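*Asks:* When the count follows our numbering, it moves up by one through the sequence shown with no breaks and lands on 436 for the last residue.
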Amino acid sequence: MTTLQPTKPLHAHADSALDPIRAKVLAGERLSLDDGAVLYATNDIWSVIELADLVRRRMHGDKAYYNINRHLNYSNVCALSCKFCEFYRKRGEPGEYTRSIDYIKDEARKGIESGATEMHIVGGLHPYLPFDYYTDMLSALRETAPDIHLKAFTAVELVHLARIAKVYKRDDIKSGVRWVLEKLIAAGLGSLPGGGAEVFDDRVHKEAFKNKIGAHEWLDVHLVAHELGLNTNCTMLYGHVDKRDERLRHMEILRRSQDQALARIGYEGDPSAYIAEGIPEAQQITAPVVTLNRDDAQLPTPAMSERGGYYQTITPLPFFPDGSDLESLPGPSGLENLRTIAITRLMLDNFPHVKAFWIMQTLPMAQLMLEAGADDIDGTVVWYDITKAVGEHTHQETTVLDLQKAITEAGFVPVERDTLYREVVRNGNEWHI
Ligand code: SF4
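1) Looking at C-alpha atoms only, which residue of 24, 217, 404 and 420 is the closest neighbour of residue 284?
2) Given a cut-off of 9 Å, decide if residue 162 and residue 171 are closer than it, judged by their beta-carbon atoms.
3) Tell me, please, whether the region 268-287 touches the region 361-375 by the rule of three or more beta-carbon pairs shorter than 8 Å.
4) Where does residue 219 sit, in a helix, a strand or coil, going by DSSP?
5) Going by DSSP, what residues sit across from residue 155 in a beta bridge?
6) Pick out whichever of 140, 133, 129 and 132 has its Cα sitting closest to the Cα of residue 123.
7) Could you tell me the distance, in whole angstroms, from the CA atom of residue 189 to the CA atom of residue 241?
8) Find the nearest neighbour of residue 51 within the set 345, 432 and 97, judged by alpha-carbon distance.
9) Taking residue 100 as the reference, give the member of 118, 75 and 114 with the closest Cα.
10) Would you mind sorting residue 436 into buried or exposed? The rule is 16 or more other CB atoms within 10 Å of its CB.
11) In whole angstroms, give me the CA-to-CA distance for residue 270 and residue 121.
12) Output the distance between the C-alpha atoms of residue 352 and residue 39, rounded to the nearest integer angstrom.
13) Going by the CB atoms, is the gap between residue 183 and residue 211 shorter than 9 Å?
14) Please classify residue 37 as buried or exposed, where buried requires at least 16 neighbouring CB atoms within 10 angstroms.
15) Mind checking whether residue 2 and residue 68 have CB atoms under 9 Å apart?
16) So, with DSSP's three-state summary, where would you put residue 317?
17) In this structure, does DSSP put residue 441 in helix, strand or coil?
18) For ligand 1, is there a heavy atom less than 8 Å away from the beta-carbon of residue 84?
19) Going by alpha carbons, who is nearest to residue 164 out of 131, 409, 316 and 53?
20) Measure the Cβ-Cβ separation of residue 126 and residue 82 and say whether it is below 9 Å.
21) Leaving aside the five residues before and after residue 16 along the sequence, list all residues of the same chain whose C-beta is less than 7 Å from its C-beta, in chain order.
22) Does DSSP classify residue 445 as helix, strand or coil?
23) Cβ of residue 127 within 8 Å of any heavy atom in ligand 1?
24) Please classify residue 170: does DSSP put it in a helix, a strand, or coil?
25) Pull up the distance between the alpha-carbon of residue 254 and that of residue 268, whole angstroms please.
26) Taking 9 Å as the cut-off, decide whether the C-beta atoms of residue 323 and residue 350 are in contact.
27) For residue 427, name the three-state secondary structure that DSSP assigns.
28) Cβ of residue 186 within 8 Å of any heavy atom in ligand 1?
29) Identify, in the order they occur along the chain, each residue of the same chain with its Cβ nearer than 8 Å to the Cβ of residue 231, setting aside the five sequence neighbours on each side.
30) The beta strand (DSSP E) spanning residue 380 covers which residue range?
31) Can you determine whether any heavy atom of ligand 1 sits closer than 8 Å to the C-beta of residue 224, and answer yes or no?
32) How do the region 50-65 and the region 99-115 stand: do at least 3 beta-carbon pairs fall below 8 Å, yes or no?
33) Taking 9 Å as the threshold (C-beta atoms), are residue 383 and residue 401 in contact?
34) Less than 8 Å between the CB atoms is what I'm expecting for residue 427 and residue 421, so what's the real figure, rounded?
35) Go through its chain and collect everything with a Cβ distance to residue 308's Cβ below 7 Å, but skip five positions before and after it.
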C-alpha cells in the first residue's frame with residue numbers, strides 16, 4: 004500500500020520555490036523573512052495552506068477552540084482619531100456613549116446567565132474618565148461575576164491609563180504601566196487582549212495612526228504584563244496602508260518578543276537559529292529562538308505563568324474600510340485573508356494559538372481558516388462595536404451550536420476553552436475547568 008508523502012505537495016501546479024520552506028517546516032525550523040516573502044508571492048496558495056495545516060495539526064491535532072464570552076466596550080469616546088477606526092466618537096458627537104457601573108454590572112449578570120467564562124473589555128481613550136472608573140469597573144465585575152475571567156485593556160489603553168493616573172514617564176514607560184497593572188490586577192484583571200498593535204512599522208504608524216503608541220511602547224506594556232505573570236495576546240490589523248513585507252517584520256518582532264517570554268518561563272531555545280537583521284525593536288531582544296512547531300514541542304500552560312506570562316494567541320485582523328477615514332481603500336480580499344492566516348501560522352512558530360476571529364473574518368471564512376492554520380474562532384461575543392463585518396448592527400451574537408456546527412462541518416472537533424485555553428467541562432450554564 005502506498006501512503007501520501009507530506010514531503011511532496013498534494014496537488015497539481017505546485018511551486019518548487021516552496022520546497023526549501025517545506026523542508027524547514029518539516030524540520031521545525033524558524034522561517035526567514037525571505038521565506039515569508041516567497042509564501043506571500045507564490046501562486047500556489049494551496050501548498051501554503053497545506054504547510055500551515057501541518058503545523059496546526061502538530062500543535063492541536065483535530066481540535067478547534069471556541070469560548071462562551073461577552074464583549075464589553077465601555078466607551079467609544081476617544082482622544083485619538085486613527086484613520087482606520089470607525090469605532091471612536093468625540094465627546095458630544097451623535098452616537099457617543101460611556102457605560103455606567105450599573106450597566107456594566109448588568110452585563111456581568113447577563114454573562115453569568117449565558118454561562119460565559121470570559122468578559123472581553125476594551126474601549127476608546129476617554130480623556131475625562133478618572134483612573135478609579137477602571138478599577139471600579141473591574142471590582143464591580145469581579146464582585147458580580149467572580150468566576151468570569153476579565154480580559155481587559157489593550158496596551159494603548161494601559162498607556163493612556165498611566166497618563167490619567169499621572170504615573171506616565173516618557174523615558175520610563177514600564178514603571179508607570181507596572182503601577183497601573185498592579186492596581187488593575189488587584190481589582191480583578193486576568194489577562195490582556197492583543198489590540199492596538201496594528202502593524203509595527205514607522206511608515207505605517209505615521210500614515211495611519213501617528214498619535215497612537217508605537218511598537219516600543221506596545222512591546223514594553225506586554226513585557227511588563229508578562230513579568231507580572233499575566234498572559235497576553237496580540238493582533239495584526241492589516242490590509243490598509245501596510246505592505247506585505249511590513250507585516251512580515253511585524254511577525255518577526257512578535258515572535259522575538261515571545262522568544263523572550265518563553266525564555267523567562269524556562270524554555271531553552273536555540274541561540275544559533277535565524278534572527279532577522281535590521282529590525283531595531285527585535286534587535287534589542289537577546290533571548291534565544293524558541294520554536295513550538297515540532298512534533299515533540301511542549302506548549303506553555305497556565306501553570307507556567309507563575310514564572311511569567313506569555314503570548315497565547317495571534318489574531319490577524321483584516322481592515323474594514325467602511326466608515327473609516329481610509330474608506331477609499333479596498334480592504335483585503337478573502338484570498339489575502341486566507342493566505343495571511345496561513346503565513347501567520349508558519350511564521351509565528353512559537354505562538355500556541357492562531358485565531359480566526361469570526362466577527363471580522365465572518366463565520367464561513369473562519370471555517371475555511373481552520374484548514375489554513377487557525378485553531379480558534381473566538382466566542383459567542385454578543386455585542387461588538389469595533390467593526391461590523393456583516394450588516395450595520397453591533398448585536399453580533401452567535402450561538403454555541405453555530406460555533407460547534409461551523410467547526411464540525413470543517414472537519415474538526417469543537418473544544419470549549421476558557422480564556423487561558425483550559426478545556427471547559429460544562430453542564431448547561433454550570434461549568435468548571
Ligand atoms: S483605534 Fe483605538 S485609539 Fe485609535 S481612534 Fe479608534 S478607539 Fe481611539
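We put the beta carbon where it would ideally sit given N, CA and C, even for glycine. Bear in mind that the values here come from a model prediction, so they are computed numbers and not experimental data.
*Replies:* In this structure, then:
1) By alpha-carbon distance to residue 284, the top candidate from 24, 217, 404 and 420 is 217.
2) The answer is yes: Cβ separation under 9 Å.
3) Segments in contact, no.
4) Looking at residue 219 - three-state DSSP - the assignment turns out to be helix.
5) Paired residues: 124.
6) For residue 123, the nearest C-alpha among the options comes from 140.
7) Distance between the alpha carbons of residue 189 and residue 241: 34 Å.
8) Looking at the Cα atoms, 345 is the closest of the given residues.
9) Among 118, 75 and 114, the Cα nearest to that of residue 100 belongs to 75.
10) Looking at its Cβ environment, which holds fewer than 16 other Cβ atoms inside 10 Å, residue 436 is exposed.
11) C-alpha of residue 270 to C-alpha of residue 121: approximately 29 Å in a straight line.
12) So the two alpha carbons sit approximately 12 Å from each other.
13) Here residue 211 is not near residue 183, since their CB atoms are 9 Å or more apart.
14) In this structure residue 37 is exposed. Its beta-carbon is surrounded by fewer than 16 other beta-carbon atoms within 10 angstroms.
15) Nothing can be reported for residue 2, as the shown portion of the chain is limited to 4 through 436.
16) Strand.
17) The displayed coordinates of the chain run from 4 to 436. Any statement about residue 441 would go beyond what the structure contains.
18) Yes, since a heavy atom of ligand 1 falls inside the 8 Å radius drawn around the Cβ of residue 84.
19) Per the Cα distances, 131.
20) No, these two residues do not count as a Cβ contact at 9 Å.
21) Within the same chain, residue 16 has close Cβ partners 47.
22) Residue 445 lies beyond the stretch modelled for the chain, which goes from 4 to 436, so this question has no answer here.
23) True, at least one ligand heavy atom lies under 8 Å from that Cβ.
24) Note: residue 170 maps to coil in three-state DSSP.
25) For residue 254 and residue 268, the distance between alpha carbons rounds to 21 Å.
26) Cβ atoms of residue 323 and residue 350: not closer than 9 Å.
27) Correct three-state label for residue 427: coil.
28) Residue 186: no, Cβ never under 8 Å from ligand 1.
29) Excluding positions up to five away in sequence, the list reads 181, 184, 185, 188 and 312.
30) Looking at the DSSP string, the run of the beta strand (DSSP E) that includes residue 380 is 379-382.
31) Residue 224: no, Cβ never under 8 Å from ligand 1.
32) For the pair of segments examined, the region 50-65 was found not to touch the region 99-115: the number of CB pairs separated by less than 8 Å stays below three.
33) Here residue 401 is near residue 383, since their CB atoms are less than 9 Å apart.
34) Contact between residue 427 and residue 421 holds, since their C-beta atoms are separated by about 6 Å, short of 8 Å.
35) Taking C-beta separations shorter than 7 Å and ignoring five residues to either side along the sequence, the partners of residue 308 in its chain run 232 and 234, following chain order.
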